[in-house]
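Notes follow the structure.
Residue numbers (my numbering), protein chains in the order written: chain A, 351 to 463; chain B, 945 to 1058.
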């Protein structure tokens, strides 16, 4: 069966520090991968999606970036965190692009201080 | 107007009550509609799709009114375990491959009280 792993679960980082969140999927090949952010009082916001290795699409311009170095690995990064980057970051995968059933990871709760 | 709007709640209801959540969407071209459930500090999970004819899954009933651009979720005989945030989700495309991103509402929080 397919599983998605996301880490770390919780992170507290100072403003201006770098960020690296990692997500891996097991049990499926060539998944469509997504990074979402859920900030307090806001809905789920799509940040990036990827249909294949090295293929990244950005939905919202910001100081975050994403990379997909391997088929089932998706990384979210930042060189310098802002206070507004605080939130709940969720990695997800689906078989088809924009499919109804998104399989989310457990999420990373990021607090920028 | 926001793309997907929901009453944030919280809805505090006693066990056994019937509760209804509403959701409105702004894009009349939207074709697919869903409800996701998100437990506190957890990831969202698909609860059910919403079909034009309405659909039922046990104690849960989802309905769509395209003319009013309105979706609803009805929970009958509420259980303590129903306490969660319910997210309304809309897809402009048909829900299959090659369409558009899912648009999530902010969610409606439900607390079922013993």
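Note that CB positions come from ideal geometry on N, CA and C, so glycine has one too. Just so you know, these numbers come straight off a predicted model, no measurement behind them.
- A distance below 7 Å between beta-carbons, with the five flanking residues on each side excluded, links residue 1058 of chain B to the following residues of its chain, in chain order: 959, 1024.
- Taking CB atoms only, residue 990 of chain B has a neighbour in chain A less than 8 Å away.
- For residue 432 of chain A, the number of other beta carbons within 10 angstroms of its own is below 16, and it is reported as exposed.
- In the three-state reduction of the DSSP assignment, residue 1001 of chain B falls in the strand class.
- Out of A/404, A/363, A/371, A/384, the CA that lies nearest to the CA of residue 396 of chain A is found in A/384.
- For residue 434 of chain A, there is no enclosing beta strand (DSSP E), as DSSP marks it with neither H nor E.
- Contact check for residue 461 of chain A against residue 359 of chain A fails: the beta carbons are separated by 8 Å or more.
- Measuring C-alpha to C-alpha distances from residue 1018 of chain B to each of B/948, B/971, B/1054 identifies B/1054 as the nearest.
- Pairing residue 387 of chain A with residue 437 of chain A gives a Cβ-Cβ distance under 8 Å.
- Residue 373 of chain A: member of the beta strand (DSSP E) spanning 369-376, first to last residue.
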